[in-house]
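Here is the structure we will look at.
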Amino acid sequence: MTDKVVEVGNLKKSFGDVVALKDVTFDVERAQTYVLLGPSGCGKSTTLEIIAGLQEPDEGSVRIMGKEMKGVPPQERPTTTAFQSWALFPHKTVGENVAFGLRMKNVPEDEIKKRVSETLKLVGLAGYEDRYPPGLSGGEKQRVSFARTLVPEPEVVLLDEPLSNLDRKLREDMRVLLTEILDDLSMTSTYVTHDQQEAFTLGDKIAVMGQGIISQEGGPEDLYETPANPHVASFIGDSNILEGVIEKETDEEIEAYIESLDKSIKLVKKGEVEEEDKVKIYIRPSTIEILSKETKEEDNKLKILFMRKIFQGDDLRYLLEMEEGREIIVDSEKYIEIEEGEELLIKIPKECIYFSTES
1 MTDKVVEVGN LKKSFGDVVA LKDVTFDVER AQTYVLLGPS GCGKSTTLEI
51 IAGLQEPDEG SVRIMGKEMK GVPPQERPTT TAFQSWALFP HKTVGENVAF
101 GLRMKNVPED EIKKRVSETL KLVGLAGYED RYPPGLSGGE KQRVSFARTL
151 VPEPEVVLLD EPLSNLDRKL REDMRVLLTE ILDDLSMTST YVTHDQQEAF
201 TLGDKIAVMG QGIISQEGGP EDLYETPANP HVASFIGDSN ILEGVIEKET
251 DEEIEAYIES LDKSIKLVKK GEVEEEDKVK IYIRPSTIEI LSKETKEEDN
301 KLKILFMRKI FQGDDLRYLL EMEEGREIIV DSEKYIEIEE GEELLIKIPK
351 ECIYFSTES
């Protein structure tokens with residue numbers, strides 16, 4: 001039997017005519033970081049606000065530590081929340097900011113001092129008690145915000161895109177720090193983000209949301225390698241999307257004609273499809289192989305017009321163009337001497353994700 005700390009059941013929420021949540025259900029286990037991942041407007045922040053008690057659902061329930069939260073105000077829930085904005089009091093010291101929640105709960109001053117000192121040390125701000133927020137960097141302000149969230153020792157930490165205001169390098173550093181802190185404390189948390197890398201770094205389990213529902217739930221590798229539907233396949237990672245029609249199918253393979261390439265490609269069969277079914281094929285840029293001109297004829301070998309390449313640090317991104325003007329992206333460590341308008345030989349992998357578009 002699993003140790004469920006948060007149980008969210010059949011949440012529904014509308015704002016006027018706008019449906020924010022259609023039917024959201026999930027559990028968060030003890031010491032687990034559960035990430036709600038999705039684009040703007042998918043319902044992830046609304047879900048977090050309902051758990052925090054900042055919104056009431058139209059239907060559904062939230063249970064924390066087995067207790068129904070209906071009617072329980074935010075300050076009485078065993079949760080703390082960190083938002084996008086740091087929301088620090090500029091006229092209070094770092095120590096006073098971190099201690100604010102403890103003082104609201106009338107925790108003894110000697111206990112407050114001890115816990116504030118320990119928590120600031122945990123987030124890498126030992127000795128910062130007497131400093132003021134206006135004199136801190138963005139990363140330091142975010143650490144103070146984390147410390148204030150952690151110091152009450154809640155059962156559940158709720159984090160609503162807390163790193164979105166930081167620059168890229170600092171955001172990457174803070175991801176690692178936050179992961180270490182949550183792991184070290186065996187903290188149960190629910191984390192909201194639109195950033196896939198953030199979700200993959202922090203999440204023990206990830207729920208991909210879209211249009212007010214959870215499209216798929218699983219670990220990072222599951223979502224990337226075996227997306228359950230087109231929404232997840234297109235949202236997680238980069239994909240080239242080709243439309244085709246099934247020409248042949250066996251127990252092991254399908255062959256699909258791609259009109260934009262004027263060529264058929266073979267794919268490992270995954271799921272039930274029939275001849276003449278229309279399909280969408282999702283191809284990761286990093287799985288496409290660049291071939292030499294001397295390569296002998298083989299399955300899925302294509303000649304595509306080269307447009308340009310982009311240096312990405314560890315690899316190169318090649319932008320190619322099909323006959324209809326649609327783009328194919330290839331990520332490769334190979335450096336190829338080639339001019340715009342020349343043909344490049346590539347190979348589409350047979351292990352691609354595809355979904356039937358038949359209703």
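By UniProt numbering, the letter at position 311 of the sequence shown is numbered 311, and the numbering carries on one by one without gaps. The beta-carbon is built from N, C-alpha and C at its ideal position, and this holds for glycine as well.
Contact holds between the region 48 to 68 and the region 151 to 159, because three or more Cβ pairs, one in each stretch, are under 8 Å apart. Rounded to the nearest angstrom, the gap between the Cα atoms of Ile290 and Thr201 is 30 Å. Membership of Asp184 in any beta strand (DSSP E) is not indicated; the residue belongs instead to the alpha helix (DSSP H) covering 168 to 184. By the neighbour-count criterion, in which a residue is buried when 16 or more other Cβ atoms sit within 10 angstroms of its Cβ, His231 is buried.
Annotation: Gln211 is outside any beta strand (DSSP E) and is labelled neither H nor E by DSSP.
Under the 8 Å Cβ criterion, the region 299 to 319 counts as touching the region 343 to 356, having at least three qualifying pairs. In the pairwise beta carbon analysis, the region 18 to 26 is classified as touching the region 34 to 46: at least three pairs are separated by under 8 Å. Ile241: member of the beta strand (DSSP E) spanning 240 to 249, first to last residue. By a beta-carbon distance limit of 8 Å, Asn165 does not contact Pro133. Their separation comes to about 14 Å. Our two residues, Lys248 and Ala256, have alpha carbons roughly 7 Å apart in a direct line.
Around the C-beta of Val123, 16 or more other C-beta atoms lie within 10 Å, and the residue is accordingly described as buried. By the neighbour-count criterion, in which a residue is buried when 16 or more other Cβ atoms sit within 10 angstroms of its Cβ, Met187 is buried. Shortest Cα-Cα distance from Gly60 to any of Ala87, Phe100, Gly95, Glu7 involves Glu7. With a cut-off of 8 Å on Cβ pairs, the region 172 to 190 is not in contact with the region 13 to 22, counting fewer than three such pairs. Spanning the alpha carbons of Arg143 and Met69 requires a straight line of approximately 29 Å.
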